[in-house]
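>
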Amino acid sequence: MSVRVRYAPSPTGSPHVGNIRDALFKHLFAAHHHGTHLLRIEDTDRTRFVEGAIEDIFESLHWLGIQWQEGPDKGGAYGPYIQSERQAEGIYDRYIEQLLEAGHAYKAFDTSEELAEMREYQQINKQPIGYFGGVWRDASPEEVAQAEAEGRPFVVRLKIPRDQTIAIEDAIRGRIEWDSNTVDDPVLLKADRMPTYHFAAMVDDHLMEITHIIRGEEWISSAPKHAVLFDAFGWTRPVFVHCPVIKGKDGSKLSKRHGDTRCLDFRAAGILPEALRNFIALIGWSPGGDREILNEAELIEAFDLGGLQPSSGVFDLDKLTWMNGHYLRACTAENLTERLKVFLAHPETARYWEPRDPEKLAALHLLKEGIEKDEAYARQAIELERERVTSLADFGEATAFFFQDEPPFDEKAVEKWLRVDHAGDLIRFLQANLNGAESVSVEACEAMLRGYQEEKGFEKLGPVVHPTRVALTGKTVGPGLFELMSVLGPDRMRARLSRALERTT
RNA sequence: GGCCCGGUCGUCUAGUGGUUAGGAUGCCGCCCUUUCAAGGCGGAGGUCGCGGGUUCAAGUCCCGUCCGGGCUACCA
48 MSVRVRYAPS PTGSPHVGNI RDALFKHLFA AHHHGTHLLR IEDTDRTRFV
98 EGAIEDIFES LHWLGIQWQE GPDKGGAYGP YIQSERQAEG IYDRYIEQLL
148 EAGHAYKAFD TSEELAEMRE YQQINKQPIG YFGGVWRDAS PEEVAQAEAE
198 GRPFVVRLKI PRDQTIAIED AIRGRIEWDS NTVDDPVLLK ADRMPTYHFA
248 AMVDDHLMEI THIIRGEEWI SSAPKHAVLF DAFGWTRPVF VHCPVIKGKD
298 GSKLSKRHGD TRCLDFRAAG ILPEALRNFI ALIGWSPGGD REILNEAELI
348 EAFDLGGLQP SSGVFDLDKL TWMNGHYLRA CTAENLTERL KVFLAHPETA
398 RYWEPRDPEK LAALHLLKEG IEKDEAYARQ AIELERERVT SLADFGEATA
448 FFFQDEPPFD EKAVEKWLRV DHAGDLIRFL QANLNGAESV SVEACEAMLR
498 GYQEEKGFEK LGPVVHPTRV ALTGKTVGPG LFELMSVLGP DRMRARLSRA
548 LERTT
């Protein structure tokens, strides 16, 4: 039987990295086994629906290259793939009836006040908290009929068998057992006739022939309920795979106060999708051995359940940053420029940086204009700065001096290198050498500076290089000077040199 | 409170009874070099949560204990 797995998000918000990491695992697992990965939208809780969430789910998946073969957008033989539509078709009602008739489920007419009271009582008396039957689990048909006749609202609960051991076989942790008396009767159908997750997801998993339920470990405690449900229907249970969660630096569940957690925020921050994908694949999973950098194909090839880790992992932004730099350097300048164009044009980029770092955003605008004005020139600048950045968002500041007619002077740099005795002479020398030239090669630039060094008898190139760099860029750091000069070209250099000359005395 | 899961350098991890406990990141240093990076090389960092046991031999198996986390909704 071929592998079938599903990513089944609820449209309650934009997917965060932990959630999307699970989706990545499913895609990788399905692809590895030439199986099917399907997307199912679990929108049974109307009250928590968030506008735009579904769009963000698709977008996050697309961006990271997570694929699926069946879903609301693609169709498939097991549709519909949206639970509210399935509910409307009466799918869940049919199975509820079946359970009710077989005596595996029952109607419970408790009010929310009664339920709250019950929990309070249990808490005070230090009893296990939950619904273990109340008056309705074993109510007579007459009592139920009467309550129904009165039109009292009710829910349908699953009758968890008592005095038994419920066990599941988890692919990562092995056998996990519960005393069935500690498992309460979950609601299957809510008073508004909508199914709960427990019910809808399991029915759908069966109908869609899901072979492996891959989900976060926060579901472990619900697993016995799901197992009982499968057994009640006489269905074969899928393999349960409970993945470890991703935590923040302080060890608690990843949340907003740990910084970015929304998948699409990383895109806006300038992270490359292949970097984020590679990075999150390695939290809670390992290909074994020392391998760390894996592309899409390698991930698929290497992915198996055996590499999944039982313990949760911390999201280490430093390492993601490093990995992003690695992938940035692996791009060609052409490719990088194309990615930058998309990045700079995306409205989320500005929305992301505006409140965090307006200066960075301004530099990004400068780069955007630079690319629009002269893409070939911009590409050379990008090429030269590529080794000095760790995210797409760094390119603005890194390349700024290429695009500014008058890049601001770092006053300390001026103090140190433009106030040396020979600075004025050096600049005049360069001006003379550049006179009339239309372009200048890297080699010519080097020859020019070395010529001056020799002429003046400097032992090292530093006294020539540093003042030139400050004169041309305003800074003491940056790409190789000869390369930078060649890219800048004679015109820009002439303008900057004469401006710098005024600062030499 | 109850039930369940977890625990190897700060962090991600390799490890399936015999290793000087390996790699990566981060940190420090050296090399390269016109600066900053990148790259190369090296260093510090682990009593494998703790305590018992089993065994000639335990990070690896067993028990206990501590700590962390999850669930405990007519949310998923």
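Position one of the first sequence corresponds to residue 48 (the working numbering), numbered consecutively onward. Just so you know, even glycine gets a beta-carbon here, dropped at the ideal spot from N, CA and C. Here the structure is a predicted model, which means the values were calculated and not measured.
1) With contact counted as at least three CB pairs below 8 angstroms, one residue from each stretch, are the stretch 291 to 301 and the stretch 336 to 349 in contact?
2) Drop a sphere of 10 angstroms on the beta-carbon of residue 275, count the other beta-carbons inside from all chains shown, and report buried for 16 or more, exposed for fewer.
3) Using DSSP bridges, identify the partner residues of residue 537.
4) Just verifying my parser: in three-state terms, what is the DSSP assignment at residue 341?
5) Identify the residues that DSSP records as bridge partners of residue 290: which are they?
6) Going by the beta-carbon positions, is the gap between residue 91 and residue 241 smaller than 9 angstroms?
7) Rounded to whole angstroms, what is the Cα-Cα separation between residue 345 and residue 325?
8) Distance, Cα to Cα, residue 521 vs residue 487?
9) Does the distance from the C-beta atom of residue 382 to that of residue 323 stay below 9 angstroms?
10) Which whole-angstrom value describes the C-beta separation of residue 71 and residue 129, a residue pair presumed to lie in contact below a C-beta threshold of 8 angstroms?
11) From 359, 220, 336, 82, pick the residue whose C-alpha is nearest to that of residue 298; which is it?
12) In the DSSP assignment, what residue or residues form a beta bridge with residue 332?
13) Give me, in chain order, the residues of the same chain whose beta-carbon lies closer than 6 angstroms to that of residue 303; leave out the 5 immediate sequence neighbours on both sides.
14) How big is the Cα-Cα spacing for residue 468 and residue 541?
15) Sort out for me which residues DSSP pairs residue 212 with in a bridge.
16) Measure the beta-carbon distance from residue 277 to residue 218 and round it to whole angstroms, keeping in mind my assumption that it falls under 8 angstroms.
17) Rounded to whole angstroms, what is the Cα-Cα separation between residue 364 and residue 376?
18) For the beta strand (DSSP E) that residue 152 lies in, which residues bound it at each end?
19) Enumerate in chain order the residues of its own chain whose CB-to-CB distance from residue 373 is below 8 angstroms, with the five nearest sequence positions on each side excluded.
20) Spatial neighbours of residue 142 within its chain, please: C-beta separation below 7 angstroms, excluding the five flanking residues on both sides.
21) Rounded to a whole number of angstroms, what is the C-alpha to C-alpha distance between residue 61 and residue 430?
22) When DSSP labels each residue in this structure, what does residue 446 get in the three-state scheme?
23) Near residue 273, what residues of its chain come up, given a Cβ to Cβ distance below 6 angstroms and the 5 sequence neighbours on each side ignored?
24) Tell whether a beta-carbon distance below 9 angstroms holds between residue 465 and residue 514.
25) Hey, residue 491 and residue 443: beta-carbon distance below 9 angstroms or not?
26) Are the CB atoms of residue 201 and residue 163 nearer to each other than 9 angstroms?
27) Can we count residue 349 as close to the ligand SAM, meaning its CB is less than 8 angstroms from some heavy atom?
28) Hey, is the stretch 48 to 64 in contact with the stretch 77 to 93, meaning 3+ C-beta pairs nearer than 8 angstroms?
29) Please identify the residue among 213, 400, 398, 315 whose C-alpha is closest to the C-alpha of residue 386.
30) Please go through the same chain and pick out, in chain order, the residues whose beta-carbon is closer than 7 angstroms to the beta-carbon of residue 428, but skip the five residues on each side of it.
31) Just to check my reading of the structure: residue 396 and residue 390 have Cβ atoms closer than 8 angstroms, yes? What is that Cβ distance to the nearest angstrom?
32) When DSSP builds the beta bridges, which residues end up paired with residue 54?
33) Using 9 angstroms as the threshold, is the C-beta distance between residue 66 and residue 354 below it?
34) Taking its Cβ as the centre, do 16 or more other Cβ atoms sit within 10 Å of residue 296, making it buried, or is it exposed?
35) Out of 332, 58, 308, point me to the one whose CA is closest to residue 73's CA.
36) Buried or exposed: which applies to residue 43, given that a residue is buried once 16 or more other Cβ atoms fall within 10 Å of its Cβ?
This is what the structure gives:
1) no
2) buried
3) Paired residue(s): none; residue 537 is not in a bridge.
4) coil
5) 263
6) yes
7) 10 angstroms
8) 21 angstroms
9) no
10) At roughly 22 angstroms, the Cβ-Cβ gap does not stay under 8 angstroms, so residue 71 and residue 129 are not in contact.
11) 359
12) 355
13) none
14) 21 angstroms
15) 226
16) Not really, about 16 angstroms apart at Cβ, beyond 8 angstroms.
17) 18 angstroms
18) 152 to 155
19) 322, 340
20) 250
21) 34 angstroms
22) helix
23) 249
24) yes
25) no
26) no
27) The model on display carries no ligand, and the ligand SAM is accordingly not part of it.
28) yes
29) 315
30) 446, 449, 534
31) 6 angstroms
32) 86
33) no
34) exposed
35) 332
36) The first residue shown for the chain is 48 and the last is 552, placing residue 43 beyond what the model contains.
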